[in-house]
Amino acid sequence: MRVLDVPYLVSKFEKDTRHTTGLCEDILPYTTKLLKDLEKGIHQTIGRFITKSGKVKIDIKRSEDTLVEPNVRLIELIANQIEFNNDEDNRVLFEKFLAEYLFDSKQLRIVHPYLFNYVNFGDGKNFNLDKIADFMREILVDEPEEFNSLFLEKSTDNLLLKVIVNGLPDLEKSTERELDYKNHLSVIKRFYQQDLNFLKNHKEYFTDKLELLTTFYLFMYSCQLIVKFEKQEKAQYHSLDGLYFSIETEQLSKKRKASGDYESYNYVNSKSEKLFAHMHVLAQLSHIIYPEQHQNYLELEKAKDQKAVQALTYKDIRDLIEVKTINQSMYEKDLKEWIEQYSRLQNLSINSMELKDKNYDELISILISQVRKGMADKNQKEFGKNALAIGKKTFVKQRGSLGNVFNLTHESFYLIAAIVIKDKRIPLNELFDGFEKRGIKFDRHSKVEVLRLLEKINVIDKKSDSGDAQYVKPIL
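Listed below in structure tokens is the structure:
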């Protein structure tokens, strides 16, 4: 009796030797082609993310005149709500004002949360960005109705904003097909929702910082998967691994944690090249035939059950073995067979006699090694770069001869500090704990710089005259 469906995996590679995840859920949305859009930031993706989550689309064609720019069309629609009494000069002045107020180089300025739905007004389909938007919905949105309400509410006391949001074209329900992804880090989803629930009480700050906060968690998700996949079955997925960040204004040296070779950007970046292989190895290993399963995966594929296989981690598989859901010796036997078959299909050398004495952990390492050999180096590098590209502009900084390091600008630091502290003062050590729970560690030098930044905005509070205990007051 089989545990790993080797015949199905062989059939996939016999049809096409290119790597595929088969019937397994997708883990990441990135490709092996470098996406310049990602390096520019999250703006073009966040609009898609919010409309996909809300299952809405704009109920209007771009324009009867295809030469009209989308920003011009939006301005026209808003201006149409105003009665100018046939005074064309006033209309022109109002439209000119709107152009300066709402757009920066044709990019929509978000002056109210409702406008996030219109970021991509007039844009054509972008399959790669749509995939990333579906991925963001899966890994970030915990309570869809609560999340969507943040961006579908038009209310405002500002008369100008009222004119703008009421003048925008209506939203209608979208029936666009969504892609599903496996979320391996629900802790990030929980933090993101908690942080938004706090920030929504500070509407202007929420509107201004949403893209930054979303970029942070999307970037951190990729960083954490890279670290955890490298740990294989020893990884823990209920919490985030701490990574050393520096503050943009502090001095760094080779001896500092942020510029070191472990728990640093150097480490994550160097291991990112293995992410593509890990993703495919895990897809292969996840094609498990469970005791209660009545169909093999060839039969499920014929039935067009597109993503019938739950994407597992190395730890998930180890847990299945520990609780006897799958038999370890049988799984190892199938795994050895698959390593031999994969090596044959990819024209890779393998010593079958050596495999006989290998244990489970060693077999996994051999499979990872073989899969990496079976992939083009360029594809592995570019996939890893794409996974980190979204945060490189904002959360990574070049530090001369030290290379790139994880970095917090003052804006990023104050944002994350604000969501950790929320609306009650907390001990300083609790603030550092809150950062670390979100994946950010500081060494002792960075902690000094953190204290300086907090003192600068006058939020440090001492419990007693002796100054033994330091507290941090709310920032917002």
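Quick note on numbering: UniProt numbering labels position 11 of the sequence shown as 11, and the sequence is numbered without any gaps.
Built from N, CA and C at the ideal position, the CB exists for glycine as well.
As the structure is a computational prediction, the values presented were derived from the model and not from experiment.
Under 8 Å between the Cβ atoms of residue i and residue j?
i, j, result
"H445", "E250", "yes"
"F406", "Y267", "no"
"Q224", "L185", "yes"
"A235", "C24", "no"
"V119", "G47", "yes"
"K473", "V459", "yes"
"L93", "L102", "no"
"E248", "T17", "no"
"N197", "S53", "no"
"P427", "A469", "yes"
"L74", "F151", "no"
"I416", "F435", "yes"
"V163", "Q44", "no"
Find the nearest neighbour of residue i within the set the options, judged by alpha-carbon distance.
i, options, result
"L28", "K234, L408, L282", "L282"
"K378", "T21, L34, D5", "L34"
"Q370", "H280, V323, L218, S222", "H280"
"P113", "S412, T207, V10", "T207"
"I132", "I321, E83, I50, K324", "I50"
"K385", "E340, V187, G400, S270", "S270"
"G22", "F219, E299, L171", "E299"
"Q398", "L199, F121, S259, T156", "S259"
"S272", "A387, G167, K209", "A387"
"D142", "S412, K106, F116, D195", "D195"
"residue 494", "H202, A99, N71, L348", "Only positions 1 to 476 of the chain appear in this structure, which leaves residue 494 out of reach."
Does DSSP classify residue i as helix, strand or coil?
i, result
"L77", "helix"
"V472", "strand"
"L451", "helix"
"D16", "coil"
"F413", "helix"
"Y181", "strand"
"I82", "coil"
"E64", "Because E64 sits at a pLDDT of 46, beneath the cut-off of 50, its placement in the model cannot be relied upon, and the point is left open."
"I70", "Looking at the sequence shown, residue 70 is not Ile but Pro. Reduced to three states, the DSSP call for P70 is helix."
"S343", "helix"
"L243", "strand"
"L4", "strand"
"P113", "helix"
"I288", "strand"
"Y144", "Looking at the sequence itself, residue 144 is Pro, so the reference to Tyr does not match. Helix."
"I426", "strand"
"H238", "coil"
"F219", "helix"
"H278", "helix"
"F121", "coil"
"I326", "coil"
"I46", "helix"
Thinking residue i and residue j are a contact (beta carbons under 8 Å), I'd like their distance in whole angstroms, please.
i, j, result
"P169", "D316", "Incorrect: roughly 45 Å between the Cβ atoms, too far for contact."
"K257", "L402", "Rounded, the Cβ-Cβ distance is 12 Å, inconsistent with contact."
"K441", "E263", "7 Å"
"Y237", "T313", "7 Å"
"V56", "D334", "Incorrect: roughly 46 Å between the Cβ atoms, too far for contact."
"T394", "L212", "7 Å"
"S246", "L252", "6 Å"
"G439", "G242", "7 Å"
"L348", "K373", "5 Å"
Tell me residue i's beta-bridge partners as DSSP assigns them.
i, result
"N404", "Q398"
"F127", "Paired residues: none, contrary to the question."
"E172", "K57"
"Q107", "D104"
"V309", "C24"
"K441", "Y244"
"I460", "V472"
"P29", "Answer is none; P29 lacks a bridge partner."
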